[in-house]
Amino acid sequence: MIGLTVRQMHYFEMLAQTLHFGRAAKLAGVSQPALSAQIAEMEQRLNCRLFERGGKSVRMTDEAAALLPRIERILADIRDVETTARRGRMAMEGRFRLGIIPTVAPYLLPRALPELKKHFPALLLELREAVTTSLVEDTASRKLDAFIAALPLDHPGLTTEALFPDRFFLAVPSGDPAFASPPVPPESPALERLMLLEEGHCLREQALAVCGNVRPVAMASYGATSLTTLLQMVAHGLGVTLVPEMAAGPAGTIPDLKIVPFQEPMPQRMICLAWRRNSTRHGECVELAKIIRSLGPAALA
248 MIGLTVRQMH YFEMLAQTLH FGRAAKLAGV SQPALSAQIA EMEQRLNCRL FERGGKSVRM
308 TDEAAALLPR IERILADIRD VETTARRGRM AMEGRFRLGI IPTVAPYLLP RALPELKKHF
368 PALLLELREA VTTSLVEDTA SRKLDAFIAA LPLDHPGLTT EALFPDRFFL AVPSGDPAFA
428 SPPVPPESPA LERLMLLEEG HCLREQALAV CGNVRPVAMA SYGATSLTTL LQMVAHGLGV
488 TLVPEMAAGP AGTIPDLKIV PFQEPMPQRM ICLAWRRNST RHGECVELAK IIRSLGPAAL
548 A
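Position one of the sequence shown corresponds to residue 248 (the numbering used here), numbered consecutively onward.
Next comes the structure, spelled out in structure tokens:
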């Protein structure tokens, strides 16, 4: 009998996610030698090498890559059993894996994390920042318990709960004469200088939808992976970009940058919390949504 333990599988999952013994140990809440010893014992019991160690780098072997989805399913089933057993007790206890898109994370988390800690002191929150498509896949495959993104989400296996609307503003160079008299109409020719995030970011698609009457061929795509990078480029006069309301306050402090409104009705996106349909953590997700809903863009400014 092989006799793998849940602890070993948990450590294996942490190391597969981070490919770094130190970070994996920190996530697991143990010392690095303890995690290394359990991985070594797991390899011995399976009679195969799971990770190649080379200096500071760690690489999964083919055997580990084949094993990972099965171990993730086993651990997800165990977590569901634990969650079911906790029903009737305090919500949001223990480990909760939450995903969040990059254009929300840096603005919502500084307010949300202290609030969640205050309401749910027994919560052990694990965060993953990624684009929407990755978060949808990871939640559907039970690698995440829930995620925060913008509607719409086209996946039949997910339940969504709206959190708050997030209006769009425009970030422009502070001395640009084209924006001397806001509000800006969505068909303004000046929007031909719109800069976009790289493919995969939902904010890119939202920008194209907001400025749909502007010639797409004139829009500049620099392959930027963060809104912060785009805002710095705007401040240096390279173009303009869309900025969500929750990011408008911090963006307004950047030198040589000005935040201007669109004409009414102002375009907006709806931020939501999403989780697997029929998840055993449904009640916890509802509680989580209640706390986050109170931290809309007005509270984040």
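Backbone N, C-alpha and C define an ideal beta-carbon position, used for all residues, glycine too.
Assignment of residue 324 by DSSP, reduced to helix, strand and coil, places it in the helix class. Cα atoms of residue 508 and residue 530: separation of roughly 38 Å, rounded to the nearest angstrom.
About 11 Å separates the beta carbons of residue 521 and residue 345, which is beyond the 8 Å limit, so they are not a contact pair. Cβ contact annotation for residue 457 (same chain, cutoff 7 Å, sequence separation greater than five): 415, 433, 489 and 514, in chain order. No Cβ-Cβ contact shorter than 8 Å links residue 431 with residue 481. Around the beta carbon of residue 526, 16 or more other beta carbons sit within 10 angstroms, so the residue counts as buried. Under DSSP, residue 471 forms a beta bridge with 444. Residue pairing by DSSP places residue 307 opposite 298 in a beta bridge. In the structure shown, the three-state DSSP call for residue 339 is coil.
Less than 8 Å separates the beta-carbon of residue 370 from that of residue 363.
For residue 401, DSSP assigns no beta-bridge partner whatsoever. For the pair residue 539 and residue 449, the CB atoms are not nearer than the 8 Å cut-off. For residue 373, the uninterrupted beta strand (DSSP E) run begins and ends at 370-376, by DSSP. Here the alpha carbon of residue 502 sits roughly 16 Å from the alpha carbon of residue 474. Inter-residue distance for residue 262 and residue 438 is about 45 Å (C-alpha atoms, whole angstroms). The beta strand (DSSP E) runs of length 3 or more contained entirely in the region 508-537 are, from start to end of the chain, 515-523.
Under the DSSP assignment, residue 491 falls in the beta strand (DSSP E) whose first and last residues are 488-491. Only exposed fits residue 309, as fewer than 16 other CB atoms lie within 10 angstroms of its CB. In the three-state reduction of the DSSP assignment, residue 457 falls in the helix class, which pools H, G and I. Following the DSSP letters along the chain, one finds residue 365 inside the alpha helix (DSSP H) bounded by residues 352-366. Assigned with DSSP and collapsed to three states, residue 496 falls in helix. Checking the DSSP bridge columns, you'll see residue 505 partnered with 419.
By a beta-carbon distance limit of 8 Å, residue 444 does not contact residue 486. Their separation comes to about 13 Å. The three-state secondary structure of residue 413, taken from DSSP, is strand. The criterion of a C-beta distance shorter than 8 Å is not satisfied by residue 268 and residue 297. By the beta-carbon neighbour count (other beta carbons within 10 angstroms, threshold 16), residue 478 is buried.
The DSSP-derived three-state label of residue 271 is helix. For residue 408, the beta-bridge partners assigned by DSSP are 520.
Only residues of its own chain outside the window of five on either side were considered, and among them 272 have a CB closer than 8 Å to the CB of residue 278, listed in chain order.
Around residue 451, the same chain offers 443 and 444 as residues with beta carbons nearer than 6 Å, after the five sequence neighbours per side are excluded. The straight-line gap separating the alpha-carbon atoms of residue 358 and residue 493 is approximately 11 Å. When C-alpha distances from residue 541 are compared across 341, 424 and 355, the shortest belongs to 355.
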